[in-house]
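Just so we're aligned, residue 91 is where the sequence shown starts under the numbering used here, counting upward by one. Note that the Cβ used here is the ideal one computed from N, Cα and C, for glycine as well. Structure, as structure tokens:
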Amino acid sequence: MGASLLALDWGSTNLRAGLLDQSGRTLAERQQAAGILQVPQRNFEQVLFALCGDWLQDPSVAIIASGMIGSRQGWVEAPYLATPITPTAAAQALTRIPLRGDRAVYLIPGIRSTVHDSTEHIDDVMRGEETQVWGADIEPGSIVVLPGTHSKWVHCGADGAIDRFQTWMTGELFAVLGQHSILGRLIEPGDPSEGAFTLGVQRTLAAPEALSTLLFSVRTAGLMSRIAPTALSDYLSGLLIGAEVASALRRFNVPREAAQLSLIGEPSLCDRYARALAIAGVQAQTLPSGLAARGAWRLACAAGLIRAAEV
91 MGASLLALDW GSTNLRAGLL DQSGRTLAER QQAAGILQVP QRNFEQVLFA LCGDWLQDPS
151 VAIIASGMIG SRQGWVEAPY LATPITPTAA AQALTRIPLR GDRAVYLIPG IRSTVHDSTE
211 HIDDVMRGEE TQVWGADIEP GSIVVLPGTH SKWVHCGADG AIDRFQTWMT GELFAVLGQH
271 SILGRLIEPG DPSEGAFTLG VQRTLAAPEA LSTLLFSVRT AGLMSRIAPT ALSDYLSGLL
331 IGAEVASALR RFNVPREAAQ LSLIGEPSLC DRYARALAIA GVQAQTLPSG LAARGAWRLA
391 CAAGLIRAAE V
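Here it is, written out as structure tokens:
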């Protein structure tokens with residue numbers, strides 16, 4: 091079975107390309123540090139053909155892209171669709187961009203979710219993570235966690251719908267606090283410390299409202315030699331992830347005794363979240379990689395860009 095789809099996962103720092111057949115099987119993969127912020131004069135078409143030009147010699151290969159390539163800083167701003175949104179509905183709202191040789195690339199839309207309370211509306215958005223979730227084919231009622239710079243917690247409904255989601259800036263806070271605040275002055279590189287990470291998680295799970303106070307304990311624990319300088323980074327990580335877990339479990343009304351969450355992302359980071367969730371009494375499974383390409387294939391089929399192979 092030959093190639094039928096080029097699926098692009100095009101983020102802020104990297105471009106990942108997968109060549110898929112009609113069944114959604116990945117035939118080949120390529121990656122380049124050519125995220126949207128690294129492309130001069132936003133010449134995305136040139137970057138695409140430089141990386142995948144040989145794959146595109148076959149005019150029957152459709153092209154679909156997810157991620158920040160559809161943001162305001164990307165190729166063209168694709169719209170944000172309001173939750174709840176199914177993959178079938180999202181597939182009807184692809185943004186078409188003409189390319190050389192009478193070709194086109196189709197951008198997957200982003201998703202927005204609005205939390206309403208008595209005084210205001212708080213908006214949330216994501217681009218790229220929705221495609222990974224749809225690639226996982228999650229059971230209705232499940233919660234998917236996507237750790238990262240901006241971690242996403244996603245609640246899934248019937249027909250693959252993303253009902254609602256929320257973002258926690260845990261990864262970015264970790265980087266900023268560790269590199270650009272007084273907390274980082276005492277942090278030294280070293281081997282991972284599971285004990286320090288666990289301590290941090292336990293403390294913010296017990297008192298998430300005290301996060302700001304507990305963050306300062308990164309400094310005092312170093313000053314008083316209660317935690318080794320090489321373990322302070324893991325302690326900081328535990329505090330932040332523990333606070334995220336405590337907040338998200340409450341906001342999503344997760345029943346700790348029976349719930350099982352799914353994790354999508356970089357394996358070592360998913361492992362940290364699984365450990366933090368286990369401390370909170372919640373089981374989590376890490377899903378395999380390649381879900382962005384699988385989700386893009388699912389949308390391409392729904393949009394009629396390709397025809398799924400008959401089973």
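In the DSSP annotation of this structure, the continuous segment of the beta strand (DSSP E) that includes F255 starts and ends at I252 to W258. Per DSSP, reduced to three states, the secondary structure at E229 is coil, with no helix or strand assignment. Residues P177, T178 and A181 of the same chain have their beta carbon placed closer than 7 angstroms to that of A392, with the five preceding and five following residues left out of the count.
Counting only runs of 3+ residues, the beta strand (DSSP E) found wholly inside the stretch 163-213 occupies 170-172, 185-189, 193-197 and 200-206, in chain order. The continuous beta strand (DSSP E) containing L98 extends over residues A93 to W100. Beta-bridge partners of H245 (DSSP): I233 and R254.
Taking all protein chains in view, the Cβ of M314 is surrounded by fewer than 16 other Cβ atoms within 10 Å, so the residue is classified as exposed. For L98, same chain residues with a beta-carbon under 6 angstroms away, outside a window of 5 residues either side, are A107 and A155 in chain order.
For S161, there is no enclosing beta strand (DSSP E), as DSSP marks it with neither H nor E. With respect to the 8 angstroms criterion, Q375 and S352 are classified as neighbours on the basis of their beta carbons.
By the Cβ test, the stretch 290-303 is in contact with the stretch 330-340, since at least three Cβ pairs between them sit closer than 8 angstroms.
Between the alpha carbons of T257 and N133 lies a gap of roughly 30 angstroms.
The Cβ atoms of P174 and I252 sit closer than 8 angstroms to each other.
D111 carries a strand assignment under DSSP once its states are collapsed to helix, strand and coil. When the alpha-carbon of L381 is set against those of S102, S94 and A226, the nearest one is in A226. Under DSSP, I154 shares a beta bridge with A97 and Y196. In terms of Cβ geometry, A123 and V137 do not form a close pair [threshold 8 angstroms]. Taken through DSSP and simplified to helix, strand or coil, L117 comes out as strand. Here the C-alpha atom of A248 lies approximately 18 angstroms from the C-alpha atom of V235. The bridge partners DSSP lists for R106 are D99 and Q121. Cβ atoms of M158 and G101 come within 8 angstroms of each other, at about 5 angstroms. In the DSSP assignment, T294 falls within the alpha helix (DSSP H) that extends over E284 to A296. With respect to the 8 angstroms criterion, V308 and L273 are classified as neighbours on the basis of their beta carbons. For V215, the closest C-alpha among the options S241, Q121, P130 and Y196 is that of S241. The residues G160, T185, I187 and L197, in chain order, have a CB closer than 8 angstroms to that of V166 in the same chain once the five nearest residues on each side in sequence are set aside. If only complete runs of 3 or more residues are kept, the stretch 307-338 shows no beta strand (DSSP E) anywhere.
Non-local beta-carbon contacts of A183 in its own chain, meaning distances under 7 angstroms to residues more than five positions away in sequence, involve P169, L171 and P199 in chain order. Boundaries cannot be given for S379, as no beta strand (DSSP E) includes it and DSSP labels it neither H nor E. In this structure, G280 keeps its C-beta atom at 8 angstroms or more from the C-beta atom of T310.
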